[in-house]
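Engineer:
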Amino acid sequence: MLRLPRLAVVFLALCSPAFAQVTLEMKYPPGSKSVGETSVKTHQILTLAGMDIETKSTTFSVVTKSIGQRGDDGSLPIQEKVDVLQTEVGLPGGTTLQFDSANPDKKADAPMLEPIMERLRVTFKNPSTIVLDDKNKVKEVKFREGLVESLDPSKKRMFDPEKRKKTAEQARGYLPDEAVKPGDTWERATETDFGGGQVMAFRTKYTYVGTVDQDGTTLDKVTGKVFEVSYSVDQTAPIRVSKSDLKVTESDETVLFDRALGNVQQISRKLRIEGPLTLVINGAELEGKVDLTIEEATKRQK
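Here the sequence shown is numbered in the numbering used here, starting from 32 and rising by one per residue.
1) If we count the other Cβ atoms within 10 Å of its Cβ and call it buried at 16 or more, is threonine 154 buried or exposed?
2) In terms of residue numbering, what span does the alpha helix (DSSP H) encompassing valine 153 cover?
3) I'd like the ranges of any beta strand (DSSP E) spanning at least 3 consecutive residues and lying wholly in the region 165-251.
4) Starting from proline 135, follow the beta strand (DSSP E) in both directions and report where the run begins and ends.
5) If I measure Cβ to Cβ from serine 350 and keep anything under 7 Å in the same chain, skipping five residues before and after, which residues do I get?
6) With C-beta atoms as the reference, is lysine 87 less than 7 Å away from glycine 121?
7) Might you give, ordered along the chain, the residues of its own chain that have their beta carbon closer than 6 Å to the beta carbon of serine 282, omitting 5 neighbours on each side?
8) Could you check the C-alpha separation between lysine 320 and serine 275 for me, to the nearest Å?
9) For valine 162 versus serine 106, is the C-beta distance shorter than 7 Å?
10) Which same chain residues, not among the five before or five after alanine 232, have their C-beta less than 6 Å away from its C-beta?
11) Assuming isoleucine 98 and glycine 67 form a contact by the criterion Cβ under 8 Å, report the distance between their Cβ atoms to the nearest whole angstrom.
12) So, leucine 77 versus serine 92, is the Cβ gap smaller than 7 Å?
13) What is the rounded straight-line gap between the Cα of proline 123 and the Cα of leucine 292?
14) Classify proline 207 as buried or exposed, calling it buried when 16 or more other Cβ atoms lie within 10 Å of its own Cβ.
15) Go through its chain and collect everything with a Cβ distance to leucine 310's Cβ below 8 Å, but skip five positions before and after it.
16) Can you give me the C-alpha to C-alpha distance between leucine 35 and proline 108, rounded to a whole angstrom?
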């Protein structure tokens with residue numbers, strides 16, 4: 032066995048790169064506020080019976096988060112209020128849906144789109160409150176009293192407390208549970224509800240890259256790549272999926288986190304999903320394929 036002189040061993044140890052571990056943890060100063068903006072673009076081509084059905088959408092939102100005071104049990108309320116909500120959807124046949132929170136009560140140009148407009152109005156007009164426990168884990172999500180009971184079944188799904196709780200829990204999933212050093216990885220499983228009973232499930236691998244400088248501020252950089260996706264539709268929906276074999280063909284996610292302040296400064300995501308699927312419409316099976324691209328950018332304003 033090779034034995035190095037003690038001095039050589041000490042020298043090698045001193046020359047070895049040392050990466051200190053860091054903890055990326057959200058902080059919630061009671062009484063504080065933050066404002067963030069998010070833009071989302073989607074482009075989907077669904078091919079059925081040799082026909083391409085194209086849909087495009089853009090959404091821009093500004094949300095204010097107001098942190099309350101800790102209760103005697105350590106719980107902390109965080110109200111999320113939508114200040115701006117603008118959506119435009121281009122549908123097959125040249126039909127367009129446009130919603131602008133500056134004029135939320137404007138009716139849809141096409142009567143068949145009015146139910147979607149109403150769901151957007153309800154989202155804009157009704158803040159939600161996320162309640163954290165004494166360990167800053169999501170305890171529950173609350174809405175104004177009587178809201179859920181006043182909604183028709185098509186809108187209640189959007190305000191299901193358990194579903195919204197799951198969404199709130201997933202919102203911080205890109206952060207590691209333990210201290211990390213550059214090169215460390217972790218995985219997360221998430222779900223996205225696209226409405227109409229449609230749900231996509233993802234598995235994402237995250238990597239801690241290290242620190243970067245942005246406008247004189249040191250931020251921690253995390254990257255992510257989705258490596259697995261599945262698609263399902265509620266059995267009660269008029270259109271069902273009997274089988275699908277979707278693949279992630281492009282995925283890129285970057286998170287910039289301010290460790291000193293304990294908040295996210297920026298998130299950018301791009302995801303492309305392609306593959307065959309079989310839809311069941313009025314009892315008949317239709318073979319098809321889908322090509323879906325989602326781009327999202329979130330930035331903290333203050």
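Glycine included, every Cβ here is placed at the ideal spot set by N, Cα and C.
Structural biologist: Walking through what the data contain:
1) To locate residue 154, count along the sequence shown from 1; it is residue 123. Label assigned to threonine 154: buried.
2) The residue given as residue 153 occupies position 122 in the sequence shown. 145-156 is the span of the alpha helix (DSSP H), which, as asked, contains valine 153.
3) 169-174, 216-226 and 229-245
4) The count along the sequence shown starts at 1 and reaches residue 135 at position 104. From DSSP, proline 135 is part of no beta strand (DSSP E); its letter is neither H nor E.
5) In this structure the chain extends from 32 to 333, so residue 350 is not present and cannot be described.
6) The sequence position of residue 87 within the sequence shown is 56, counting from 1. The sequence position of residue 121 within the sequence shown is 90, counting from 1. In this structure, glycine 121 lies closer than 7 Å to lysine 87 by Cβ.
7) Taking the sequence shown and counting its residues from 1, the one referred to as residue 282 is at position 251. Contacts found: Lys256, Val257 and Leu302.
8) For the purposes of this step, residue 320 is taken as the residue at position 289 of the sequence shown. For the purposes of this step, residue 275 is taken as the residue at position 244 of the sequence shown. So the alpha carbons of these two residues sit roughly 9 Å apart.
9) Residue numbering aside, residue 162 sits at position 131 when the sequence shown is read from its first letter. Residue numbering aside, residue 106 sits at position 75 when the sequence shown is read from its first letter. Cβ distance < 7 Å, so valine 162 and serine 106 count as in contact.
10) Sequence index remark: in the sequence shown, residue 232 carries index 201 (1-based). Excluding residues within five positions, the ones whose Cβ falls inside 6 Å are Glu222 and Ser261.
11) For the purposes of this step, residue 98 is taken as the residue at position 67 of the sequence shown. For the purposes of this step, residue 67 is taken as the residue at position 36 of the sequence shown. Not really, about 14 Å apart at Cβ, beyond 8 Å.
12) Here residue 77 refers to the residue found at position 46 of the sequence shown. Here residue 92 refers to the residue found at position 61 of the sequence shown. No, these two residues do not count as a Cβ contact at 7 Å.
13) Within the sequence shown, numbered from 1, the residue matching residue 123 stands at position 92. Within the sequence shown, numbered from 1, the residue matching residue 292 stands at position 261. Going by the C-alpha atoms only, they are around 45 Å apart.
14) Translated into the one-based positions of the sequence shown, residue 207 becomes position 176. Classification for proline 207: buried.
15) What you label residue 310 is simply residue 279 of the sequence shown in a count that begins at 1. Counting only Cβ-Cβ distances below 8 Å, and skipping sequence neighbours, we find Leu79, Ile270, Arg271, Val272, Ser273, Glu316, Leu317 and Gly319.
16) Translated into positions along the sequence shown, residue 35 becomes position 4. Translated into positions along the sequence shown, residue 108 becomes position 77. Because leucine 35 carries a pLDDT of 46, less than 50, the predicted location of this residue cannot be relied on, and no value is offered for it.
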